[in-house]
Structure formats: C-alpha cells, structure tokens
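Going down the list, the protein sequences come from chains U, W and X.
Just so it is clear: in the first sequence, position 259 is 361 by my numbering, and no numbers are missing.
Just so it is clear: in the second sequence, position 12 is 89 by my numbering, and no numbers are missing.
Just so it is clear: in the third sequence, position 323 is 1764 by my numbering, and no numbers are missing.
Here a beta-carbon is modelled for each residue, glycine too, at the ideal position from N, C-alpha and C.
Heads up, the thing below is written out as structure tokens.
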Amino acid sequence: MIGQSPVRTLIAHAVLIVGILIVAFPIYYTFVASTHTLQTILRPPLPLLPGGEFLRNYTEALFGGIGRIGGVGVGTLLLNTTIVAVGIAVGKIIISILSAYAIVFFRFPFRMTFFWLIFITLMLPVEVRILPTYKVMVDFGLIDTYAGLIIPLIASATATLLFRQFFMTIPGELVEAARVDGAGPWRFFFDILLPLSRTNIAALFVILFIYGWTQYLWPLLVTNRNDMNTIVIALRKMVSFADADTQWHLVMVTAMLAIVPPILVVVLMQRWFVRGLVDSEK
Amino acid sequence: MTPRVVFPNKFLPYLLVAPQLAITLIFFYWPAGQALYQSMLKEDPFGLRSKFVWFDNFKRVLSDPSYLNSIKVTIVFSVATAAVAMCVALLLAVMADKVVRGKGFYRTLMIWPYAVAPAIAGMLFLFLFNPSIGSLAVLLRRAGIPWDPVLNGNHAMILLVIAAAWKQISYNFLFFVAGLQAIPKTLIEAAAIDGAGETKRFWTIVFPLLAPTTFFLLVINTTYAFFDTFGIVHAVTGGGPGKSTETLVYKVYNDGFVNLILGSSAAQSVILMVIVIALTAIQFRYVEKKVHYG
Amino acid sequence: MATVDLKDVEKVYGGAVKAVKGVTIAIPDKALCVLVGPSGCGKSTLLRMIAGLETISSGTVSIDGKVVNEIGPTERDIAMVFQNYALYPHMKVYDNMAYGLRNRGMPKDEIDRRVKDVAATLELAHLLDRRPRELSGGQRQRVAMGRAIVRNPKVFLFDEPLSNLDAKLRGQMRVEIKNLQRSLGVTSVYVTHDQLEAMTLADILVVMNAGLVEQMGAPLDIYEKPASTFVASFIGAPPMNLLPIVASGNGATLADGTDIGMAAPANAVTLGFRPEDVDVVMNADRPEGAVALPARVEAVEPVGAESFLYCAAAGNRIVVRVSGRATAKPDDDLRIVAKSEKLHWFDQAGKRV
C-alpha cells in the first residue's frame, strides 16, 4: 500500500463494520423477535437481545401448525421449498447441459435456430406473460403440483449460455482423442465433459438453488392449497398488519427458517457462489 | 465460431435439445404469443366474446393516467434503488479494498442478503418500520418524525427502496470488489507519484477504470428493480397507499389477476417485453464492447 | 539536482521476513545507480522504499540531504517508470503526461509547452491523441519515460523498464535512456535483473543478493575484481568459471587430484577465471605463471564473431570464449591455460582472497 496511515485503515474498518451492522441488522432482529413472546413483540421497541422463548416458538411453528395458513406446519413448507429449489436447480442444470452439449458438439439442421430460440427466452421473464402462462398451467392440470412449481422455471437461457461458453473452451483435440480411443458421444459426455464441468455445475447449483428458493410470483400464481405453498408465500399469508391476531412470534420463526437455509448455502459454498455469480453474468 | 471437431450423429442432438425446447415452446413462446395476440383483443364485459382491435389496447393503456403514474413510480423506484444499492456497495467495496486483514470475514457477512428472498426482505423491513409494532418506527416517531408508510405514499416508497436496495448490496459489493481488484496496483502507485492525493486518485483513476463494472451493475440493478421486486411490492404495500407504489409489473399482475382486465393486462405485458428486450440488448452490447484497457 | 542516501535501510514484512537487511548506498548528484540481482534479492523493494510506496522498517532514506521516511510518494518529487509502464488506460498520451503537472497546479500553457517539448524529444508528438492501448510496446515505454521526464523531478526511479520489450528494442532503448539521463542530469536509480543492462547503464553498480549489497562500485571494477563468487557468477555472460580446489604441498589440485600447475593463495578454495581470459592449446606445454588444465571438448557453439567451447575438466564444466571460429571439435582433448593475473581466488565464505 502507498504508505497508508493506520488512521485511514481504521476508518476503513469502521465503515465496513457499520456497513455490516446495517446489512445484518434486519436478519439479527428477526432472530431476536423469534425468541420473544408475542406480548413482547407487540410492545415495541423490541429488546436488542434474544429472549428465552427460542425452543417454545420454534417447536410450535415447526410441529404445531399455523392457524392462518390452514394449520400447515413450517416443516411442510420447508419440505416444499426444498423440493422446489433443488428441483429447479437440478432440472435447469440437466436440460441446459444437454442442450449446450448438442449445440456445441454436434452439427445438425436448425442448430442455430434452436440456439436463438433458447437465447430469446432471456427476454421473456414470467412477468411479461403472466396470464397466458397461468392458463397453460390450468390446461395441463399443473396447479398445486410440484411439477407446476418446477418445470416452467427450468428452461433457462443463462445456464445454457454458460455451459455453451465453457464447452467452447474445450479443445477439439480432446474430442478427437476420445473418438480415437473409441468413445461415442455418451461416453465422451459422461467420462470427459461432466468431470470437466464439475466446478461450473457446483457454481451454478448454488446460484440456481437461491433462485428457486426465493421465487415469489410463480409460486403465488400456481399454488392455491396451503400445503403446497412455499415458505415465502406462506409467510406472506401469515402477515397482516390490519389484523391484530397476527402471531408475530411464529411469523418471525418462519422468517428465520425461510432465510437460514439459503444463507447457509451461500456462506458454506461461498467459493462456488462467488464464481457462479460472476460467471453467470458474463 | 471456429470450426470444431464434432460428433457425427443424426438424431442424438435433437434428443438432447428436446427437453429444453419443449419447455421453452410450451411455457415461453406459446404464452408470449398469446400475450401478443390478446393484447390486440377486446373482450365484452361478460368475457363471452372478443374482437380484434389492433392497437386499441395499447392506446388506451398508454393514455391511462394510472398507467402513466405506474411508469413514474417504476422509474422513481428503480433509479432510487439502483442509486442507493450501488453507492453503498461502492463505498463498502472501496473500504474493503483498503484493508488487508479481515477481507474474507467482511465478505462473508456482506453476502447474506443475497440469499434472502425479496419478499422476505420486504417483510423484515416492514416488521421494523410498520407504524403499529415496528421498533424502528417507534424510535422514529419518538424522535419527532411523523413516520407512516401505511398511509403516506412517500414513506411507503422509501420503505420499498430501502428493502430492495438492502437486498442488492451483496451483489453489487461482490462485483465492485472484483472490479477494484482488476485495477493494476501500479496505476494507483503511478498516480500517487504523479502527485494525486487519495481522493483525487479515486475520482481520476479508480472511478473511471471502474466504469465498465458500474455500467454493467446499472443495467443489472435496473432490471432487478423492474422485475425481481414484485415480491417486495406485493408483500409490503400491495401497490398502496393509493397507487403510490404500483410498479409496472405489479400493475400487470393486479389488472390481470385481480381486476381481470385481460386486454389491458396483455398490452402491458407486451410493453414490458419491449422494455426487457431493450435492457437485454444494452447488456449484451456492453458485453460485446467490454472495454479492455491496454 | 539531488543526491540520494540510503542508511542501514531495512524492510521487514509481517514482523519476520526480512526483504532488505541493512543497505547503505550513497548516490551522488546526476549519477545513474543500477541495482542488480536475481529476483527476490530485495532490489525492487529498495526502489519502492525510495519511491515511498513501501514503508521503511528501519534506517533512513534521504533525498537531497533531507530524510524522507515519513513523506509520502506524492511529496517526494520523484518520478518512476514501471515495468508494465502503468500508463492510465483511460487517458490519452497527452493527458498521461500532463496528469502529474496538473496535480501540482501548474498553469495550463506551461503544461502544454512542457508536454510538447518532451514529446518532441521522445518522438511522441504524433501520438499525443492516442490512448495507451493503441500504442506498441516500445511507444508505451516512451510515454512512460515522457511522463517521468516532463515532471522534471529530483530523482528518476526505473523498475525494470525494459523487461517487457523484445531484445532489439531493449538494446536501442538502453542507449536512449543512458543518453537522456546524461543530458537531463537527473539522479537516477535503476533496477534490473539483466547484468548486461546493468553493466552498460550504471555509473554506480550495486549488486544485491538476499537483501544485502554484495558489491558496489564502477561496473568495470566489479567485473574485473568481483568481491565474491556470487558477483563473479552473476556479472558477465557466460559467467566466470569457478572450480573448487584443494591446496596440496606447494601446489594446488582440483577436487579429483588433477594438478592445476601453480600454488593457490592461503585460504583459497575456489579458483575462478572468465571464459575470455583463457587460451586453448593443443600441446602439452606447461607455461610459467599460469594455470593449465587438461580438458575435453563437449560441445562447440559458434555464434559468428566468436565461439564458445564447453569443456569438461575433472568433472567441472568450463566455458571458453575464443574469437572467430573454433578449430576444436567435440571430443578433442586440449589444455586450458589461464595467466595468473587473470585468476580470481575465493575463500570458504565465497569472498575474494
């Protein structure tokens, strides 16, 4: 460093700590709220330290069932959300890697047409085709099913583009070598391409898991039954400010349980996460 | 594209693209086509018959004061969100670039909000700031600030912007840190030797060299504020009070699903489509032209 | 214009790693001092401490008699040419050169005059509107020089400025730098790992190794009287031949017992002679006052004006330079003769005897 004075370093640390306090405060305070009784929450301001109701609140939310959302327990919601998030991530990766494989390693009529058809979906987010897509879901009987929550979201140009870009960096000699060694397209795919793509897949998985977990508009449209809700949608249904009987302590527990799994994924898989984030925007 | 070694195979490639193509056609192209078609239909009040009216719906939508209001709301919301999220992230990234010890620690704590769903982010802030039980709202009122996001449209907008920007700080932070790291240290040193103090170095060397990152983030943040924040609006304000926080996306949803004005909702969808196309085009132009300095 | 004095300068990283271990150098006004050494020897760290880019752990750096330890690079009135040039990519050549002057609040017309003057000297006048990425490597190098010159600083610092150029351009720029430095008369410190560059440029040559100064002085003095085996093998290409010897009676032998034909000074354990300081004789004569070793030719490298013979003598590899074409062929047996005044002797610690 250019003879940076200790004072400036200190200021930098101070700013960063303030930044982190701001960034972390809402999450911390939610945790605090989730460990207090409803009565304490209803008399703001809330204390800055956790209360003693941790076990009782979390047990009640997880196993007791919550009245406002039809007595469904948070456990069911977490299961739904996990299925959806993993389903979307895995599904997206599978269909993207397959189509990228076809587009890069084969030559066939309409190859580029297919590529563009996939590419253009970048410009068609759910938001611009809400009603007609909903109608398709109804026609296929996909409302309130996992398939309905997952399948429409797994077509993704981003993942396909990412794999395509990566595949194009694989030298042609590798394909030739594999063919000389007698490997057909499937062997090449499983023995060479998949192992080489491991880090890309891991990075993409983290990003897509978060993407699936945080979906809002789509689950809102295709679920009516309370026991098919994802945790984010259920949380929304549990909150009412007009209503005095919102069970805030349970809401806060649910919020924590909705936040913690994706945070854990991001923090524990930080290396992949940062990579995936940077790669997927290239 | 360079000619490359490929597998000779007639049917396999079709099989490989089939799943993605099927999903794309059924859930993307067909509905998008429907949206285009419906945007030119007008249904009678009972939804029994419809007739083709060309661009009538668009004319009506674009002259509808509530739609124009919604455009204004979206612009204010997007600009404010992008500005707040980017400024805070840039400040934090610059500071993180200065410290030697604890970099990883700060980054780990800084990326949490990325994992929080926008709607939940909205609800967390609503919990803190709602007038009846929000702890921070209580503190604000004790400090003499008449804070009420439930009745005051501006306050509601501020709340949305804070929640939306908060969630986006992580993302911007990571990209700004990467951008700062990509600036060669010797340039900063050369500038120091050339007599530029720290502040001057930032504005004349670092900031201009960060421009590609900044521009990229501007596009990404705008897209985010336009589309991904539906959850925040829906969960926090529901477009209210009045229509003071009704963004374009929220209005499409509301007109289509709640008010069932199909033609208008479809026309709005198509307008949104045009906006996405424009944003995507800008983004890709940027990628193509990505400035590679010497 | 200025002297540069380093006194017992040390650099310690993280409380333990010593990159520079007490260096004292006095550079007189207008002199060009070259710091040379292998990578990791601390030469760049030393330069960066003079620039103010690294803090000084102990000792003092003075410019023009004034201790500058606590003064930042911004106020030291120095200019630096970086290895990768460090040109501001978003500015035109003109602005790159003008930047330092603007920061010091110089009037516009004065800046303009100076930039154009220097650009003319360096033949950059037609490039002033270009950006760095539109320039060739050599042109960038010139701009980096120009940016330093235009400032008219007390001291120039060069951090391996030619290492990114191809061999031909490097030779050309070397001459140019030398001429510019002399005509401008600005005290300069120049860091390089290239001994040829060091030899040709330096008024004062400082050979560094492992954070310490091995030897300091005029380049030819160092060449002729290397203070240690390190300097002997580092300065000169191909390097000096160094052979371990054993004293025996009133003579000395190589490790395997081969008689070298003369006595060694007390304490000497290594014999050295430069490739160009030996004669090759085909007969078995043993000249007086000279070392004579039997050797076998392993390879011959003719490079035009001269040839190199790679020979083996009792398990040692010896390089011999002969002018013109070599008559010897691989597998020839011959005798290598070096006159006593051309011999160098080193003790156990590698120091010159």
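Using the beta-carbon count (16 or more within 10 Å), is residue 208(U) buried or exposed?
With 16 or more Cβ atoms within 10 Å of its Cβ, residue 208(U) is classed as buried.
Is it the case that the Cβ atoms of residue 159(U) and residue 352(U) are separated by a distance below 8 Å?
Contact flag set, yes.
What's the call for residue 79(W), buried or exposed, on a 16-neighbour Cβ count within 10 Å?
Residue placement at residue 79(W) is poorly supported in this model, since its pLDDT is 45, which falls under 50; the coordinates are not used for a value here.
Residue 292(U): which of 181(U), 110(U), 203(U), 363(U) sits nearest, CA to CA?
Measuring from the Cα of residue 292(U), the nearest candidate turns out to be 203(U).
Going by beta carbon distance, what residues of the same chain come within less than 8 Å of residue 1519(X), once the five residues before and after it are set aside?
Cβ neighbours of residue 1519(X) beyond the five flanking positions: 1491, 1492, 1493, 1504, 1594, 1595, 1596, 1597, 1598.
Are the CB atoms of residue 1506(X) and residue 1450(X) within a distance shorter than 8 Å?
It is not a contact, given that the beta carbons lie outside the stated cut-off.
For residue 195(W), return the contacting residues in chain X, with the cut-off set at a CB-CB distance below 8 Å.
Per Cβ cutoff of 8 Å: no residues; residue 195(W) is ~35 Å from chain X at best.
Taking the C-alpha atoms as reference points, what is the distance between residue 113(U) and residue 263(U)?
Between residue 113(U) and residue 263(U), the C-alpha separation is close to 42 Å.
Does chain U have any CB closer than 8 Å to the CB of residue 370(W)?
With a pLDDT of 40 at residue 370(W), under the threshold of 50, the predicted position of this residue should be treated as unreliable, and no value is reported.
DSSP three-state label for residue 347(U), please.
Coil.
Residues of chain X with CB under 8 Å from residue 174(W), in chain order?
Here the premise fails: no neighbours, minimum Cβ distance about 17 Å.
So, does the segment 1634–1646 of chain X touch the segment 1475–1492 of chain X, judging by three or more C-beta pairs under 8 Å?
Enough Cβ pairs lie closer than 8 Å, so yes.
In terms of alpha-carbon separation, which member of 251(W), 338(W), 242(W), 133(W) lies closest to residue 303(W)?
Minimum Cα distance to residue 303(W) is reached at 242(W).
On the CB-based measure, 16 or more other CB atoms within 10 Å of its CB, does residue 1567(X) come out buried or exposed?
With fewer than 16 other Cβ atoms within 10 Å, it is exposed.
Would you say residue 223(U) faces chain W, with C-beta separation under 8 Å as the test?
For residue 223(U), the answer is yes, since a Cβ of chain W falls inside 8 Å of its Cβ.
Can you confirm whether residue 1486(X), when its beta carbon is compared against all beta carbons of chain W, has any partner nearer than 8 Å?
It does not; no Cβ of chain W falls within 8 Å.
Measuring CB to CB, does residue 1461(X) end up less than 8 Å from residue 1486(X)?
Taking 8 Å as the Cβ cut-off, residue 1461(X) and residue 1486(X) qualify as a contacting pair.
At 8 Å on the CB atoms, spell out the chain W contacts of residue 126(U), in chain order.
Result: 186, 189.
Any chance you could list the beta strand (DSSP E) runs of at least 3 consecutive residues sitting entirely within the segment 1452–1489 of chain X, in chain order?
Qualifying beta strand (DSSP E) stretches, in chain order: 1458–1468, 1473–1477.
Going by beta carbon distance, what residues of the same chain come within less than 7 Å of residue 1556(X), once the five residues before and after it are set aside?
1535, 1538, 1539, 1591, listed in sequence order.
Here's the rule I'm using: 16 or more other beta-carbon atoms within 10 Å means buried, otherwise exposed. How should residue 177(U) be labelled?
Classification of residue 177(U): exposed, given that the 10 Å Cβ count is below 16.
Report the rounded CA-to-CA distance for residue 352(W) versus residue 227(U), giving the unit in angstroms.
Cα-Cα distance, rounded: 11 Å.
Using a Cβ distance threshold of 8 Å, determine whether the segment 156–169 of chain W contacts the segment 240–260 of chain W, with at least three qualifying pairs required.
Yes: at least three Cβ pairs fall under 8 Å.
Do residue 1615(X) and residue 1653(X) have their C-beta atoms closer together than 8 Å?
Not closer than 8 Å, so no.
For residue 1469(X), I'd like the list of residues in its chain whose CB is within less than 7 Å of its CB, leaving aside the five on either flank, ordered along the chain.
Same-chain partners within the cutoff: 1444.
So which residues of chain U does residue 243(W) contact, with C-beta pairs closer than 9 Å?
In chain order: 124, 125, 128.
If residue 190(W) sits next to residue 362(U), beta carbons under 8 Å apart, how far is it from one beta carbon to the other, in whole angstroms?
Not a contact, Cβ separation roughly 13 Å.
At which residues does the alpha helix (DSSP H) containing residue 133(W) begin and terminate?
That run of the alpha helix (DSSP H) goes 133–140.
For chain W, check one thing: does any of its Cβ atoms lie closer than 8 Å to the Cβ of residue 152(U)?
Not one chain W Cβ lies under 8 Å of residue 152(U).
The segment 269–280 of chain W: which residues have C-beta closer than 8 Å to a C-beta of chain A, in chain order?
The structure shown has no chain A; the protein chains it does contain are U, W and X.
Determine whether the Cβ of residue 339(W) lies closer than 8 Å to any Cβ atom of chain U.
It does; some Cβ of chain U falls within 8 Å.
Return the chain-ordered list of same chain residues with a C-beta closer than 6 Å to the C-beta of residue 1706(X), the five sequence neighbours on each side being excluded.
Same-chain partners within the cutoff: 1786, 1794.
Does the beta carbon of residue 1515(X) come closer than 8 Å to any beta carbon on chain W?
Yes, its Cβ sits closer than 8 Å to a Cβ of chain W.
Would you check if the distance between the CB atom of residue 96(W) and the CB atom of residue 295(U) is smaller than 8 Å?
No.
Using a Cβ cut-off of 7 Å, pull out every chain U residue sitting near residue 86(W), in sequence order please.
The answer, in chain order, is 208, 287.
Output needed in chain order: residues of the segment 1519–1532 of chain X with a Cβ under 7 Å from some Cβ in chain W.
Residues passing the 7 Å Cβ filter: 1519, 1520, 1521, 1523, 1525, 1527, 1528, 1529, 1530, 1531.
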